[in-house]
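Chemist:
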Amino acid sequence: MSDGYREPLDDSVHRARGHATAPNRGLDPTWFERAVEAAGHAIFITDFDGRIIYVNPAFEEVTGYDAAEAIGHTPDLLNSGHHDVDYFRRLWRTILAGEVWQEEIVNRRADGSVYIANQTIAPIGSAEDSTITHFVAIQTDITERKQHEMALERSQDLSARTEETADVGGWELDLEAEEIRWTAGTRRIHGVAPDYEPTLEAALSFYHPDDRGKIRTFVERALEWDLPYDVEARLVTANGTTRIVRTTGQPVAGDGTPLLRGTIQDITERKARRQQLMVFNRILRHNLRNGLNVVIGHAEEIERAVEELDADDTDDAAVRDRIGPNARHILSAAEDLLETSERARTFDRIYEQICDIKPVEVRPLLERVAAAYRDAYPTATVRVAGPNAVVLANPHAVRVAVDELVDNAFEHSTDDTPTVTLSVAESPDGTIRLSVADRGDGVPEMEREVIADGEERPLKHGSGLGLWIVKWLVTPIGGSIEIEDNEPSGAVVSVVFPASRWRSGDDESD
Numbered sequence: 001m002s003d004g005y006r007e008p009l010d011d012s013v014h015r016a017r018g019h020a021t022a023p024n025r026g027l028d029p030t031w032f033e034r035a036v037e038a039a040g041h042a043i044f045i046t047d048f049d050g051r052i053i054y055v056n057p058a059f060e061e062v063t064g065y066d067a068a069e070a071i072g073h074t075p076d077l078l079n080s081g082h083h084d085v086d087y088f089r090r091l092w093r094t095i096l097a098g099e100v101w102q103e104e105i106v107n108r109r110a111d112g113s114v115y116i117a118n119q120t121i122a123p124i125g126s127a128e129d130s131t132i133t134h135f136v137a138i139q140t141d142i143t144e145r146k147q148h149e150m151a152l153e154r155s156q157d158l159s160a161r162t163e164e165t166a167d168v169g170g171w172e173l174d175l176e177a178e179e180i181r182w183t184a185g186t187r188r189i190h191g192v193a194p195d196y197e198p199t200l201e202a203a204l205s206f207y208h209p210d211d212r213g214k215i216r217t218f219v220e221r222a223l224e225w226d227l228p229y230d231v232e233a234r235l236v237t238a239n240g241t242t243r244i245v246r247t248t249g250q251p252v253a254g255d256g257t258p259l260l261r262g263t264i265q266d267i268t269e270r271k272a273r274r275q276q277l278m279v280f281n282r283i284l285r286h287n288l289r290n291g292l293n294v295v296i297g298h299a300e301e302i303e304r305a306v307e308e309l310d311a312d313d314t315d316d317a318a319v320r321d322r323i324g325p326n327a328r329h330i331l332s333a334a335e336d337l338l339e340t341s342e343r344a345r346t347f348d349r350i351y352e353q354i355c356d357i358k359p360v361e362v363r364p365l366l367e368r369v370a371a372a373y374r375d376a377y378p379t380a381t382v383r384v385a386g387p388n389a390v391v392l393a394n395p396h397a398v399r400v401a402v403d404e405l406v407d408n409a410f411e412h413s414t415d416d417t418p419t420v421t422l423s424v425a426e427s428p429d430g431t432i433r434l435s436v437a438d439r440g441d442g443v444p445e446m447e448r449e450v451i452a453d454g455e456e457r458p459l460k461h462g463s464g465l466g467l468w469i470v471k472w473l474v475t476p477i478g479g480s481i482e483i484e485d486n487e488p489s490g491a492v493v494s495v496v497f498p499a500s501r502w503r504s505g506d507d508e509s510d
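Counting from 1, one number per residue, gives the positions in the sequence shown under this note's numbering.
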């Protein structure tokens with residue numbers, strides 16, 4: 001728009017402005033006009049009756065009204081209807097009393113959109129007797145800031161509701177500043193006041209004396225080795241109640257400062273339920289194992305009795321042909337079930353200590369596994385490739401996971417001379433990939449999807465237990481399982497371990 005539409009500040013405004021800012025009285029009045037014109041805040045001046053006599057370019061930009069549209073009108077031109085009559089009564093009462101009004105206001109632009117401004121209105125007095133002659137208003141558009149604040153409030157409210165529903169909380173540890181910050185959910189779990197701010201030692205003191213050292217060790221390892229953790233421990237609340245909590249920690253990069261962020265969740269009831277299921281599971285496995293041993297014993301007796309029948313006797317031969325295969329099927333099925341029961345028992349034993357991690361040299365472990373399978377399968381070719389990388393994990397869990405992967409590779413072999421390759425590789429980002437490749441018939445697509453989803457359904461499920469055991473053993477320490485096609489045939493199943501700052505020269509005494 002042309003500057004001709006904007007009226008210059010008249011002498012009375014110049015004088016009033018000079019009166020309001022005494023140190024500037026000696027300056028050229030046009031200097032003030034240039035300053036107001038260049039200001040980044042929306043400025044408008046009204047006469048005593050509230051009619052606009054001047055607007056600066058920023059006013060036009062913020063409101064969408066040019067000077068010609070605004071001058072001669074009252075600021076009611078911007079009224080969005082958001083504020084009630086009392087708001088404007090208080091505004092006028094303040095400025096007519098010669099005081100400055102400062103408050104947020106919700107206005108409407110020329111295009112109908114709403115904006116939020118921080119508005120200051122000051123009375124301008126006459127140079128002769130200080131009688132109020134004009135008013136100057138300055139508006140700062142804070143719409144974007146308020147939107148961010150409202151979004152943050154909604155996010156905080158959602159987080160608070162989620163924490164309360166899930167009985168979970170969050171925390172952040174700044175070791176350099178020796179500060180630990182808790183969310184409302186964390187304070188609720190500890191049973192402390194909403195304004196409670198703990199020190200690091202005070203936070204650790206809530207843990208049961210027998211578990212306190214374990215938590216301290218995990219925190220120190222996380223910061224030293226850049227290793228996440230997930231551990232269960234007993235926590236004694238402020239009122240003396242002992243609860244079972246699951247706490248996690250994840251190192252994050254701050255502004256040059258190491259930070260540790262994590263969660264804490266009250267799992268007391270879940271833990272009790274899990275213990276009940278474990279007892280039932282143990283009893284079921286015990287009874288199943290005993291029962292299967294009895295079945296195997298009787299099946300072997302039947303098989304021996306059948307073998308002792310006279311092959312030349314027509315009746316005996318008929319019995320052998322009819323009962324012999326059935327006895328062998330019973331014996332095979334019972335042995336398979338017994339093996340599954342033993343695998344479940346081994347898994348339970350390891351999983352209870354899954355977070356007891358330490359450096360594990362992968363290459364020697366793979367060599368031991370390969371040697372065992374070469375002895376068990378003399379016609380097979382079992383290779384080991386890759387450097388001697390080190391992962392931070394439960395060593396028993398890694399061994400069982402590799403055994404399961406190799407078993408899976410032999411199970412899917414399509415000939416009597418299978419070739420299986422065990423390899424380890426370290427990525428530039430520090431992640432360690434442990435892979436088992438075969439040349440069999442591959443892993444069915446449905447089984448891949450089930451393992452990736454982590455959930456089975458009646459019409460979508462895997463065919464075995466092996467890959468599930470691998471997934472359950474590596475997931476708690478931040479690992480993952482990946483399945484790819486091998487060339488020209490077969491599959492490559494990989495376990496990916498997260499990167500850590502641990503190196504072979506570090507002290508392993510802890």
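We treat Cβ as the ideally placed atom computed from N, Cα and C, and that holds for glycine. Keep in mind that this is a model prediction, so the values were computed, not measured.
My parser needs the beta strand (DSSP E) runs of 3 or more residues fully inside the stretch 110-197; what are they?
Modeler: 114-125, 132-141, 168-174, 179-182
Chemist: Of all the options 331, 369, 372, 397, which has the alpha carbon lying nearest to the alpha carbon of residue 358?
Modeler: 397
Chemist: Counting C-beta neighbours from all protein chains within 10 Å, is the total for residue 40 16 or more, i.e. buried, or is it exposed?
Modeler: With fewer than 16 Cβ atoms within 10 Å of its Cβ, residue 40 is classed as exposed.
Chemist: How many whole angstroms separate the CB atoms of residue 168 and residue 206, which I take to be in contact at a CB cut-off of 8 Å?
Modeler: Not quite, the Cβ-Cβ distance comes to about 16 Å (not below 8 Å), so this is no contact.
Chemist: For my contact list, residue 422 and residue 344 are in at a C-beta cut-off of 8 Å; report their separation, rounded to the angstrom.
Modeler: Actually they are not in contact, since the Cβ atoms of residue 422 and residue 344 sit about 25 Å apart, beyond 8 Å.
Chemist: Going by other Cβ atoms of all chains shown within 10 Å of its Cβ, with 16 needed for buried, is residue 196 buried or exposed?
Modeler: With fewer than 16 other Cβ atoms within 10 Å, it is exposed.
Chemist: Give a yes or no on whether the C-beta atoms belonging to residue 43 and residue 58 are separated by under 9 Å.
Modeler: yes
Chemist: Can you give the beta carbon distance from residue 264 to residue 165, rounded, assuming they're within the 8 Å contact cut?
Modeler: Going by Cβ atoms, the distance from residue 264 to residue 165 rounds to 15 Å, so no, they are not a contact pair.
Chemist: Could you pull out every residue in the same chain whose Cβ sits closer than 6 Å to the Cβ of residue 24, ignoring the five residues on either side in sequence?
Modeler: With a pLDDT of 45 at residue 24, under the threshold of 50, the predicted position of this residue should be treated as unreliable, though the coordinate-derived value follows. Excluding residues within five positions, none has a Cβ falling inside 6 Å.
Chemist: I'd like the span of the beta strand (DSSP E) that includes residue 535, first residue to last.
Modeler: Any property of residue 535 remains undetermined from this structure, which presents the chain solely from 1 to 510.
Chemist: In the DSSP output, which residue or residues are listed as bridge partners for residue 433?
Modeler: 425, 496
Chemist: Taking only the alpha-carbon atoms, compute the straight-line gap between residue 193 and residue 170 and give it to the nearest angstrom.
Modeler: 16 Å
Chemist: Using 10 angstroms around the beta-carbon of residue 210, count the other beta-carbons present and answer buried if the total reaches 16, otherwise exposed.
Modeler: Residue 210 comes out exposed.
Chemist: Give the DSSP bridge partners of residue 353, in chain order.
Modeler: Bridge partners of residue 353: none, in fact.
Chemist: Since I believe residue 176 is in contact with residue 261 (beta carbons under 8 Å), could you give me their beta-carbon distance rounded to a whole number of angstroms?
Modeler: Incorrect: roughly 15 Å between the Cβ atoms, too far for contact.
Chemist: Taking the C-alpha atoms as reference points, what is the distance between residue 306 and residue 348?
Modeler: 39 Å
Chemist: Select from 393, 427, 399 the residue whose C-alpha is nearest the C-alpha of residue 221.
Modeler: Closest option to residue 221, Cα to Cα, is 393.
Chemist: Flag this pair as yes or no: are the beta carbons of residue 401 and residue 354 separated by less than 9 Å?
Modeler: no
Chemist: Within the same chain, show all residues whose beta-carbon is closer than 6 Å to that of residue 492, passing over the 5 residues directly before and after it, in chain order.
Modeler: 435, 437, 484, 486
Chemist: Would you please state the rounded distance, in angstroms, between the beta carbons of residue 142 and residue 121? I believe it to be under 8 Å.
Modeler: So it is not a contact: roughly 16 Å between Cβ atoms.
Chemist: If you reduce the DSSP assignment to three classes, tell me which class residue 403 lands in.
Modeler: helix
Chemist: What is the C-beta distance between residue 386 and residue 363, in whole angstroms, given that I count them as a contact (C-beta under 8 Å)?
Modeler: 7 Å
Chemist: Taking only the alpha-carbon atoms, compute the straight-line gap between residue 391 and residue 247 and give it to the nearest angstrom.
Modeler: 22 Å
Chemist: Per DSSP, what are the beta-bridge partners of residue 93 in this structure?
Modeler: None, per the DSSP bridge assignment.
Chemist: How is residue 48 classed by DSSP in three states: helix, strand or coil?
Modeler: coil
Chemist: Indicate whether the contact test is met: 3 or more Cβ pairs, each with one atom in the stretch 101-110 and one in the stretch 75-88, closer than 8 Å.
Modeler: Judged by Cβ distances under 8 Å, the stretch 101-110 makes contact with the stretch 75-88, as three or more pairs qualify.
Chemist: Considering only residues of the same chain and omitting the five flanking positions on each side of residue 116, which have a CB-CB separation below 7 Å?
Modeler: Contacts found: 104, 106, 142, 143, 146.
Chemist: My output table needs one value for residue 482: the three-state DSSP class, helix, strand or coil.
Modeler: strand
Chemist: Take residue 459 and list the residues in its own chain whose beta-carbon comes closer than 8 Å to its own, dropping the five residues that flank it on each side.
Modeler: Low confidence applies to residue 459: its pLDDT is 46, below 50, so where it sits in the model is not reliable enough to give any reading.
Chemist: Measure the C-alpha to C-alpha separation of residue 178 and residue 216 and round it to an integer number of angstroms.
Modeler: 14 Å
Chemist: Once you ignore the five residues that flank residue 238 on each side, which residues in its own chain have a CB closer than 7 Å to its CB?
Modeler: 190, 191, 192
Chemist: Could you check what DSSP says for residue 304 in three-state terms: helix, strand or coil?
Modeler: helix
Chemist: Please identify the residue among 87, 88, 51 whose C-alpha is closest to the C-alpha of residue 70.
Modeler: 51
Chemist: So, helix, strand or coil for residue 36, using DSSP?
Modeler: helix
Chemist: Could you compute how far the alpha carbon of residue 292 sits from the alpha carbon of residue 323?
Modeler: 19 Å
Chemist: What does DSSP give as the partner residues of residue 54 in its beta bridges?
Modeler: 45
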